[in-house]
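Enquirer: Protein chains in written order, with this note's numbering: chain A, 1 to 171; chain B, 1 to 265.
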Amino acid sequence: MKTGIKKIDLQGLVTLALLVAMNVVLQKISFGPATVKVGLGFIGSALLAYYFGPFWGGVGAVLSDLLKSAVFGVEGGFFPGFILSAIVGVVIYAIFLYQKPIKWWRIIASTLLVTLVVNVLMNTYWIHLLYGLDLRAAFLQRILKELITPWIQIVVLYVILNSLQRVKIRR
Amino acid sequence: MSKIIIGRYIPGNSIVYKMDPRGKIIATFLFIVIIFLANNWVSYFFLSIFTLLAVWATKLKPKVFWDGVKPLIWLILFTSVLQLFFTTGGKVYWHWGVFNISEYGIQNSIFIFIRFVMIILTSTVLTLTTTSLEIADGMEWILKPLGYLKVPVAQIALVMSIALRFVPTLLDQTVRIMNAQRARGADFNSGGLIKRIHSIIPILIPLFISSLTVAIDLATAMEARGYREGAKRTRYRVLKWSKYDWINLGYFALLTLILLLTRTY
Numbered sequence: 001m002k003t004g005i006k007k008i009d010l011q012g013l014v015t016l017a018l019l020v021a022m023n024v025v026l027q028k029i030s031f032g033p034a035t036v037k038v039g040l041g042f043i044g045s046a047l048l049a050y051y052f053g054p055f056w057g058g059v060g061a062v063l064s065d066l067l068k069s070a071v072f073g074v075e076g077g078f079f080p081g082f083i084l085s086a087i088v089g090v091v092i093y094a095i096f097l098y099q100k101p102i103k104w105w106r107i108i109a110s111t112l113l114v115t116l117v118v119n120v121l122m123n124t125y126w127i128h129l130l131y132g133l134d135l136r137a138a139f140l141q142r143i144l145k146e147l148i149t150p151w152i153q154i155v156v157l158y159v160i161l162n163s164l165q166r167v168k169i170r171r
Numbered sequence: 001m002s003k004i005i006i007g008r009y010i011p012g013n014s015i016v017y018k019m020d021p022r023g024k025i026i027a028t029f030l031f032i033v034i035i036f037l038a039n040n041w042v043s044y045f046f047l048s049i050f051t052l053l054a055v056w057a058t059k060l061k062p063k064v065f066w067d068g069v070k071p072l073i074w075l076i077l078f079t080s081v082l083q084l085f086f087t088t089g090g091k092v093y094w095h096w097g098v099f100n101i102s103e104y105g106i107q108n109s110i111f112i113f114i115r116f117v118m119i120i121l122t123s124t125v126l127t128l129t130t131t132s133l134e135i136a137d138g139m140e141w142i143l144k145p146l147g148y149l150k151v152p153v154a155q156i157a158l159v160m161s162i163a164l165r166f167v168p169t170l171l172d173q174t175v176r177i178m179n180a181q182r183a184r185g186a187d188f189n190s191g192g193l194i195k196r197i198h199s200i201i202p203i204l205i206p207l208f209i210s211s212l213t214v215a216i217d218l219a220t221a222m223e224a225r226g227y228r229e230g231a232k233r234t235r236y237r238v239l240k241w242s243k244y245d246w247i248n249l250g251y252f253a254l255l256t257l258i259l260l261l262t263r264t265y
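1. Can you confirm whether the stretch 20-36 of chain B touches the stretch 135-146 of chain B when touching is taken to mean that 3 or more C-beta pairs between the two stretches lie within less than 8 Å?
2. If you compare alpha carbons, which of B:N13, B:W41, B:L239 is closest to I258 of chain B?
3. Along the alpha helix (DSSP H) that carries S190 of chain B, what are the first and last residues, could you check?
4. Can you tell me the Cα-Cα spacing of K2 of chain A and K232 of chain B, whole angstroms?
5. Based on the DSSP secondary-structure assignment, which residues constitute the bridge partners of S102 of chain B?
6. In terms of residue numbering, what span does the alpha helix (DSSP H) encompassing N248 of chain B cover?
7. Whose Cβ in chain A lies nearer than 7 Å to the Cβ of V55 of chain B?
8. Taking a cut of 8 Å between CB atoms, which residues from the stretch 218-238 of chain B lie near chain A?
9. Between Q11 of chain A and chain B, is any beta-carbon pair separated by less than 8 Å?
10. Is it true that the CB of V90 of chain A sits closer than 8 Å to the CB of S163 of chain A?
11. With contact counted as at least three CB pairs below 8 Å, one residue from each stretch, are the stretch 91-101 of chain A and the stretch 110-120 of chain A in contact?
12. Check the Cβ-Cβ distances between Q181 of chain B and every residue of chain A, and say whether any is below 8 Å.
13. Quick check: F86 of chain B and D134 of chain A, are their CB atoms within less than 8 Å of each other?
14. Taking Cβ-Cβ distances shorter than 8 Å, what residues in chain A pair up with Q107 of chain B?
15. Taking Cβ-Cβ distances shorter than 9 Å, what residues in chain B pair up with F52 of chain A?
16. Sort B:L126, B:L60, B:W56, B:F46 by Cα distance to S69 of chain A and report the nearest one.
17. Skipping 5 residues on each side, what residues in its chain have a beta carbon closer than 6 Å to that of R142 of chain A?
18. So is W56 of chain A buried or exposed if we call it buried at 16+ other beta carbons inside 10 Å?
19. Determine the chain B residues that contact R136 of chain A at a beta-carbon separation under 7 Å, and present them in chain order.
20. Please confirm if M122 of chain A has its CB atom under 8 Å from at least one CB of chain B.
21. Could you name the residues of the same chain whose beta carbon sits closer than 6 Å to that of F99 of chain B, not counting the 5 residues immediately before and after it, in chain order?
22. If the cut-off is 7 Å on Cβ atoms, which residues from the stretch 155-176 of chain B count as contacting chain A, listed in chain order?
23. With DSSP run on the structure shown, which of helix, strand or coil describes R231 of chain B?
24. What is the DSSP secondary structure of K186 of chain A, reduced to helix, strand or coil?
25. Hey, could you find the ends of the alpha helix (DSSP H) K63 of chain B is sitting in?
26. What does T15 of chain A reach in chain B if we use C-beta pairs closer than 7 Å?
27. At least one CB of chain A closer than 8 Å to the CB of S48 of chain B: is that the case?
28. Establish whether the CB of T129 of chain B and some CB of chain A are separated by less than 8 Å.
29. Does DSSP put K24 of chain B in a helix, a strand or coil?
30. What is the DSSP secondary structure of F46 of chain B, counted as helix, strand or coil?
31. Quick one: list the residues of chain B neighbouring L66 of chain A, beta-carbon separation under 7 Å, in chain order.
32. For S85 of chain A, would you say it is in contact with chain B, using Cβ-to-Cβ distances shorter than 8 Å as the test?
33. Since Q141 of chain A meets chain B, which of its residues come closer than 9 Å, beta carbon to beta carbon?
34. How long is the line joining the alpha carbons of S48 of chain B and G230 of chain B, rounded to whole angstroms?
35. Skipping 5 residues on each side, what residues in its chain have a beta carbon closer than 8 Å to that of W105 of chain A?
36. Taking Cβ-Cβ distances shorter than 7 Å, what residues in chain A pair up with A186 of chain B?
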């Protein structure tokens, strides 16, 4: 796996900044019927990982998280655990997607792994810690959504990454 | 889309506004830490009193705080109710299968409700009384020690300020792109899931392309104005620590002390 801690030029930095800004905007948009709202935040994380790798992508994820709180206010409070979740999410996406060809299995594996490790295990644990909620209750509350959303995310990610590849070539 | 408001800052001139953003951010983090200390009625009582005093000190209308809690109220209630059913211990009032309502359950669900609301209220105090630019400056200062771990803090700070500057621009851009696509028949709010997924692409791709264009232009402009990688630079916006920040930190120290004294071990 390439670490991506290589030197980044100004153009890379500015592009990263705009991707972070885009990520903040995307986190505010959700789509789908009211029962299964899917946020678009995961697209931002995947794009950060895809273009910038685990290190700078991770930096981007942390900044997106912080700026989202600064700009839109924090839903549910500042908690460093969620920043850690953002980093782990990008690192997982980066392992599968950074400087790799876009394949169905890569997207399926990365999305499922992110869902399991970040959304189901880590975030549930943070909620348990932060609010003193019973671990079983916290788990039950999240599991239903996490059973449905990854499949939607996989399709969205595949379609979007494929469309973006055309953009990259033209640049 | 139109419901999105950029920046939750509401101008005012109470004491909370005069505090340094660094102090406020540290205090908000500290609050998350000390909330773990509360574990009985007395400590939760003091926690609530101190939070409500902080809310009161902002001199803002209660409605703006209610707006912060409102979007999460169902989640909070749902979480409290789940907790009510799953906690065992103490006197049992009602029992069915895995569910039961017990003395501890009622107590815990009330505690969780208070915790939720207090955490939301404190972070709302921060975002309402501090501009996002100030928050970014404060965060940059807090990140500084990471420089000793060879983390490129200056570059990260640059990314943060550029991103912050472009969030409103990109938000406008997104709305404009959506309107332009709508004008030609795109529909973002109906149809099945697959159709909706496909409807994101006409938003995302133009947004991405315009971001790339902006990035190239901005990098060129910055270099033209003499930005050099790693060169020593001065600061125009400077944060100043004032006496109000000592009041702020003293207030939190007092709360910590009270919680340490009142909690059960």
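From the three backbone atoms N, C-alpha and C, an ideal C-beta is built for every residue, glycine too.
Expert: Well, looking at it:
1. Yes, they touch.
2. B:W41
3. First-last for S190 of chain B: undefined, no H or E at that position.
4. In this predicted model, K2 of chain A has a pLDDT of only 49, less than 50, meaning its place in the structure is not dependable; the value taken from the coordinates is given anyway. The alpha-carbon atoms of K2 of chain A and K232 of chain B are separated by roughly 30 Å.
5. Partner(s): B:V92.
6. Where N248 of chain B is concerned, the enclosing alpha helix (DSSP H) stretches over 243-262.
7. Simply none; closest approach about 14 Å.
8. L218, A219, M222, E223, Y227, E229
9. yes
10. A distance of 8 Å or more separates the beta carbons of S163 of chain A and V90 of chain A.
11. The way I'd put it, the stretch 91-101 of chain A does touch the stretch 110-120 of chain A; three or more beta-carbon pairs between them come closer than 8 Å.
12. no
13. In this structure, F86 of chain B places its C-beta atom within 8 Å of the C-beta atom of D134 of chain A.
14. Near Q107 of chain B there are no residues of chain A at all, since even the closest Cβ is about 11 Å away, more than 8 Å.
15. Near F52 of chain A there are no residues of chain B at all, since even the closest Cβ is about 10 Å away, more than 9 Å.
16. B:L126
17. T124
18. Classification for W56 of chain A: buried.
19. F86
20. no
21. Here the set comprises F85.
22. Q155, I156, L158, V159, M160, I162, A163, L164, F166, V167, L170, L171, T174
23. Reading off the sequence, residue 231 of chain B comes out as Ala, not Arg. DSSP places A231 of chain B in coil when its eight states are reduced to three.
24. Here chain A comprises residues numbered 1 to 171, so residue 186 of chain A is not present and cannot be evaluated.
25. 62-69
26. L212, A215
27. no
28. no
29. helix
30. Here F46 of chain B carries a helix assignment [DSSP, helix/strand/coil].
31. M139
32. no
33. L75, F78, T79, L82
34. 47 Å
35. Cβ neighbours of W105 of chain A beyond the five flanking positions: none.
36. The premise fails here: A186 of chain B is roughly 13 Å from chain A at the closest Cβ pair, so nothing lies under 7 Å.
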